[in-house]
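Residue numbers (our numbering): 7 to 547.
Beta carbons: idealized from backbone N, C-alpha and C, even for Gly.
The structure appears right after this line, and notes come after that.
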């Protein structure tokens, strides 16, 4: 939850941070630096946990997240704060992806509980982020936004060290499988040799440079034809291509010396129609959902004059329905595997919610009554919950035991990467409208401030501010049309997961198979883990 929380917790503290450091130019990088690293390492962390074990890598993720929080809390300049946020994002990426893997492996083998936990975690995180950030910075100090993570991180690491048994072997691998390679499973250099450093680097480079180019050009920090943007986009495209070639090479049996490198991407699963469609659907759903979670509170503050606290509260209908939809999506598949059905229905409900919002907003001249806006976005949230839960469960159903971590990690990374793209595209659309309609109204620094951040509006005079609000609301309407189009494409892709009457096994049987089949640790450790999972099941009823 804390990794998702930190994507938005600083959003309501940005103005105070900029004031303390006397730097509004780099204010957007406080969020962007976290988002870029957060979206880039989910698959890598999941695969590392296959090699080194869930406990060791989860501990490393918490350590990075906590150290990044300490760094941010005591940052003496904007540059130091941005660097600390990047470290936080790396750790948060691991927490986000490994939580989904461990939930399937160690949690209750009940799809409605798994789906509900996924939805509740995402919903609570996105609601608490702006609310907590605003409350802490108003009542205390903006540095408290980062300090609050430190005791939580320490407690989490102590709990992992004392309560989580160590695995003797890497997940899903037995020692005899590697005897022909002349190395023992536990050898340090053997494990290092199996890590896909090239794949991790290429994927991170491709993702980071693409979002960086879209964000910076979209905010007019750099021109689209500037060398910085052109080279960033070119290197990103080349890196994506090389990543695909490299992962295919490893999948086909490419080796480095005597030890086989384990690719971070589940190529075998992506070759299958169902999982490939789930991955694309998740990316497109994340594109819209995460962008709206950030942009709706902005609209509420700009157009409806909400405080940061009430902007967060007014997200509750959408996010509450998202949590309920996640629970419902799992419950439907409790006896039969109907996850493809719920994914398709969820995607269509998203289209319905966005369509109602766009249609009525256009009829109202982009001045949709607040009650209608909250109601329509609640319908959309229900569809998101159905889709997110179904995608998580389908990834578990389609994956073999040894592919489970990579399968869940890829879904997690696709969702966040899609969200980063959605934020970037939304920013491009908004800034194009602001530039086109405000160039004759605002000059120089005033227009530059508005391009960079919502908080630039607060610096304007009353007349200029009213004009900017009018243009901003129109830009939000244009953005919603684009998001509706993306949701329609997502629904079409979801139809590719159709599996007729459902799978041969129930989802419960598949998830129990993952829990029994995760032969990573020794017998004693595995019995302890299954005993813990059984305890959770009994508590859940």
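Span separating the alpha-carbon of residue i from that of residue j
i           : j           : result
residue 209 : residue 45  : 10 Å
residue 32  : residue 84  : 8 Å
residue 207 : residue 367 : 43 Å
residue 1   : residue 170 : The chain is shown from 7 up to 547; residue 1 falls before or after that span and cannot be answered.
residue 76  : residue 482 : 36 Å
residue 320 : residue 505 : 38 Å
residue 380 : residue 253 : 44 Å
residue 19  : residue 257 : 45 Å
residue 290 : residue 70  : 29 Å
residue 79  : residue 154 : 9 Å
residue 67  : residue 162 : 11 Å
residue 310 : residue 382 : 16 Å
residue 470 : residue 439 : 16 Å
residue 5   : residue 232 : Absent from the model: residue 5. The displayed extent of the chain is 7 to 547, so no value can be given.
residue 26  : residue 137 : 21 Å
residue 394 : residue 308 : 30 Å
residue 322 : residue 24  : 28 Å
residue 86  : residue 472 : 36 Å
residue 274 : residue 156 : 39 Å
residue 362 : residue 41  : 30 Å
residue 301 : residue 97  : 25 Å
residue 370 : residue 303 : 20 Å
residue 315 : residue 406 : 44 Å
residue 475 : residue 373 : 11 Å
Own chain, CB closer than 8 Å to residue i, minus 5 neighbours either side, in chain order
i           : result
residue 487 : 364
residue 400 : 280, 281, 284, 345, 346, 349 and 503
residue 65  : 163, 166 and 167
residue 239 : 215, 216 and 219
residue 160 : 72
Proximity below 8 Å, CB of residue i to CB of residue j
i           : j           : result
residue 428 : residue 317 : no
residue 34  : residue 88  : no
residue 100 : residue 90  : no
residue 284 : residue 503 : yes
residue 437 : residue 226 : yes
residue 430 : residue 217 : yes
residue 61  : residue 166 : yes
residue 15  : residue 139 : yes
residue 202 : residue 94  : no
residue 148 : residue 22  : yes
residue 330 : residue 391 : yes
residue 107 : residue 410 : yes
residue 104 : residue 63  : yes
residue 485 : residue 432 : yes
residue 434 : residue 205 : no
residue 222 : residue 235 : yes
residue 444 : residue 477 : yes
Own chain residues within Cβ distance below 6 Å of residue i, not counting five before or after
i           : result
residue 286 : 499
residue 496 : 287, 290, 291 and 353
residue 276 : 282
residue 142 : 150 and 151
residue 338 : 344 and 348
residue 229 : none
residue 295 : 390
Cβ shell of residue i (< 7 Å), same chain only, five flanking positions each side left out
i           : result
residue 396 : 335, 345, 348, 349 and 352
residue 279 : 502
residue 293 : 424, 425, 427, 428 and 492
residue 312 : 306 and 320
residue 212 : 242, 245, 246 and 249
residue 29  : 84
residue 36  : 16, 20, 23, 87, 88 and 91
Any chain C beta carbon closer than 8 Å to residue i
i           : result
residue 150 : Absent from the structure: chain C. Only one protein chain is present.
> Touching or not, the segment 340-358 and the segment 411-426, by the rule of three or more beta carbon pairs under 8 Å?
Replying inline: Contact fails: fewer than three Cβ-Cβ distances are below 8 Å.
>> Could you check whether the segment 344-354 touches the segment 374-387, counting it as contact only if at least three pairs of C-beta atoms, one from each stretch, sit closer than 8 Å?
In response: Touching, no, given that fewer than three Cβ pairs across the two stretches are closer than 8 Å.
> Counting pairs of Cβ atoms below 8 Å between the segment 266-277 and the segment 52-69, do you hit three or more?
Replying inline: Look at the beta carbons and you see the segment 266-277 touching the segment 52-69: at least three pairs across the two are nearer than 8 Å.
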